[in-house]
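A.B. asks:
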DNA sequence: CCAGACGTTGTT
DNA sequence: GTCTGG
DNA sequence: CCAGACGTTGTT
DNA sequence: GTCTGG
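Numbering (the working numbering), first residue to last: 1183 to 1414.
1. Looking at the secondary structure, which residues open and close the beta strand (DSSP E) in which residue 1291 lies?
2. To the nearest angstrom, how far is the alpha carbon of residue 1250 from that of residue 1244?
3. Give the range of the beta strand (DSSP E) segment to which residue 1220 is assigned.
4. If you measure between the beta carbons of residue 1402 and residue 1395, is that distance less than 8 Å?
5. My output table needs one value for residue 1269: the three-state DSSP class, helix, strand or coil.
6. Enumerate in chain order the residues of its own chain whose CB-to-CB distance from residue 1218 is below 6 Å, with the five nearest sequence positions on each side excluded.
7. So residue 1289 and residue 1342 are supposed to be a Cβ contact under 8 Å. How far apart are they, rounded?
8. In this structure, how does DSSP classify residue 1258 when only helix, strand and coil are distinguished?
9. Which same chain residues end up closer than 7 Å to residue 1409 when comparing Cβ atoms and leaving out the 5 residues on each side of it in sequence?
10. Beta-carbon within less than 8 Å of residue 1370's beta-carbon, same chain only, minus the 5 sequence neighbours each way: which residues are those?
11. In whole angstroms, what separates the C-alpha of residue 1304 from that of residue 1382?
12. Name the residue from 1362, 1374 and 1326 whose alpha carbon lies nearest to the alpha carbon of residue 1345.
13. Quick check on residue 1370: does DSSP put it in helix, strand or coil?
14. Quick check: residue 1275 and residue 1226, are their CB atoms within less than 8 Å of each other?
15. Considering only C-alpha positions, which residue in the set 1335, 1315 and 1376 is nearest to residue 1309?
16. Taking residue 1235 and residue 1212 to be in contact with their CB atoms under 8 Å, please state how far apart those CB atoms are, rounded to whole angstroms.
17. Which residues does DSSP list as the beta-bridge partners of residue 1329?
18. Can you give me the start and stop residues for the beta strand (DSSP E) that residue 1300 sits inside?
19. Looking at the secondary structure, which residues open and close the beta strand (DSSP E) in which residue 1196 lies?
20. For residue 1280, which three-state DSSP category applies?
21. Under a three-way DSSP split, which group does residue 1388 fall into?
22. Can residue 1256 be considered in contact with the ligand HEM, in the sense that its beta carbon sits closer than 7 Å to one or more heavy atoms?
23. To which residues of the same chain is residue 1207 closer than 7 Å at the C-beta, ignoring the five residues directly before and after it?
24. For residue 1253, count neighbouring C-beta atoms within 10 Å of its own C-beta (all shown protein chains included) and say buried if the count is 16 or more, exposed if not.
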C-alpha cells in the first residue's frame, strides 16, 4: 500500500526539532499527495552529516544507477530492506522522514472501492520512514526521489489492506535521521506496524480517487457508501 | 566469466 | 554500483 | 493508490 | 489488459 497521503502540518515541527532552516519552497498543505508528485522530505545527507536537508523530492525512487526514470519505486518492504540490492546501500546512509498526518487505503466491497483515511487517534502529525536517492538526468542535473517503507498491517488497517506504511514512533525519528547510525540491525526494529490502539480510520469522499482533487474535501468524514445501498 | 536486473502493489 | 542467473 | 490513455510521421 | 501520469 501507501499510494496516497496527506501532509498538512508536520513540517514546522520537524524543522524546529532538527534545526532546519526555512526551505526555499513554499510550505503548502497537501490533502491528496500521489506518487510521481513532489513532496517535502527531511533527509540524511551523507556529505553533510551534521545537518538535515528539507527539500522537495519526487515520490517514486529512481536509483542512482538507473538508466532512465521509467520505473520509479514508490514502496519498499521493511522485511527485505537490508537484502535487496536496490536498497541495501541506501539503508545505512540515505534514510529520510516523510512528513504526513494521514494516509489513504481503499476498502474493497465487491467492485465498490471506498477510500478511507487513517490517522493517529490524537490527530498529531507523524512521519513515514523513507529512503531517498539522487539520480542524474541525461543532461547531468540531479533528480531527488524517495520511497516509503511498508510493513504488515496492524489491526486497524488489516480489515482493509494487507500492507501499511511504516509510521515511525516520535521517539524513533531522531535515530532514523542519525547519520551515525548505519547498522541495519539497529534500524530494522523501528520498522514495525504502528500500535493499533493509537490509530483510527474513517471513510472519506470518493473525491480522493482523483489525485487532481487536492482539497480539504479529502479530509472530511463521509457516509456516502450507505446512500448507495439505499432503495426506495 | 558476462549479461541483465536491481521494486511493490493488486488482481485474477 | 552490485547482485543474480546462465 | 486511481484515472485515463492506449499513435505515427515529419518538421522545427 | 496494461501502461503512464498525477
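We treat Cβ as the ideally placed atom computed from N, Cα and C, and that holds for glycine. Just so you know, these numbers come straight off a predicted model, no measurement behind them.
C.D. replies: Result, derived from the coordinates:
1. By 1-based counting over the first chain, the position of residue 1291 is 109. Counting along the chain, the beta strand (DSSP E) containing residue 1291 begins and ends at 1284-1291.
2. Here the question's residue 1250 lines up with position 68 in the first chain. Here the question's residue 1244 lines up with position 62 in the first chain. Their Cα atoms are separated by approximately 8 Å.
3. Numbered from 1 along the first chain, position 38 holds the residue referred to as residue 1220. First-last of the beta strand (DSSP E) with residue 1220: 1220-1226.
4. Walking along the first chain from the start, residue 1402 turns up at place 220. Walking along the first chain from the start, residue 1395 turns up at place 213. No. Outside cutoff.
5. On the first chain, residue 1269 is found 87 positions in, with the first residue counted as 1. In this structure, residue 1269 counts as helix in the three-state DSSP scheme.
6. To locate residue 1218, count along the first chain from 1; it is residue 36. Here the set comprises 1242.
7. Residue mapping note: residue 1289 aligns to position 107 of the first chain, counting from 1. Residue mapping note: residue 1342 aligns to position 160 of the first chain, counting from 1. Their Cβ separation, rounded to whole angstroms, is 5 Å, which keeps residue 1289 and residue 1342 in contact under 8 Å.
8. On the first chain, position 76 is the one that residue 1258 refers to. DSSP places residue 1258 in strand when its eight states are reduced to three.
9. Here residue 1409 is taken as the residue at index 227 of the first chain, counted from 1. Residue placement at residue 1409 cannot be trusted, given a pLDDT of 48 that sits under 50; what the coordinates show is reported in the next sentence. Contacts found: none.
10. Locating residue 1370 in the first chain gives position 188, counting from the first residue. Excluding sequence neighbours, residue 1370 sits near 1260, 1263 and 1264.
11. Here residue 1304 corresponds to residue number 122 of the first chain, with the count starting at 1. Here residue 1382 corresponds to residue number 200 of the first chain, with the count starting at 1. Between residue 1304 and residue 1382, the C-alpha separation is close to 9 Å.
12. Counted from its first residue, the first chain places residue 1345 at position 163. Considering only alpha carbons, the answer is 1374.
13. Against the first chain, residue 1370 aligns to sequence position 188. The answer is helix: DSSP assigns residue 1370 an H, G or I state.
14. What you label residue 1275 is simply residue 93 of the first chain in a count that begins at 1. What you label residue 1226 is simply residue 44 of the first chain in a count that begins at 1. Taking 8 Å as the Cβ cut-off, residue 1275 and residue 1226 qualify as a contacting pair.
15. Here residue 1309 is taken as the residue at index 127 of the first chain, counted from 1. Of the listed residues, the one whose Cα sits closest to residue 1309 is 1376.
16. Sequence index remark: in the first chain, residue 1235 carries index 53 (1-based). Sequence index remark: in the first chain, residue 1212 carries index 30 (1-based). Not a contact, Cβ separation roughly 19 Å.
17. Translated into the one-based positions of the first chain, residue 1329 becomes position 147. According to DSSP, residue 1329 bridges with 1313.
18. To locate residue 1300, count along the first chain from 1; it is residue 118. 1294-1302 is the span of the beta strand (DSSP E), which, as asked, contains residue 1300.
19. Counted from its first residue, the first chain places residue 1196 at position 14. Counting along the chain, residue 1196 falls outside any beta strand (DSSP E), though it belongs to the alpha helix (DSSP H) covering 1192-1200.
20. Looking up residue 1280 in the first chain gives position 98. Reduced to three states, the DSSP call for residue 1280 is strand.
21. Stepping through the first chain from its first residue, residue 1388 is reached at position 206. In the structure shown, residue 1388 sits in a helix (DSSP, three-state: H, G or I).
22. You won't find the ligand HEM in this model; it holds no ligand whatsoever.
23. The residue you call residue 1207 lines up with position 25 of the first chain. Around residue 1207: 1238.
24. As a first step, residue 1253 must be located in the first chain, where it is residue number 71. Exposed is the call here.
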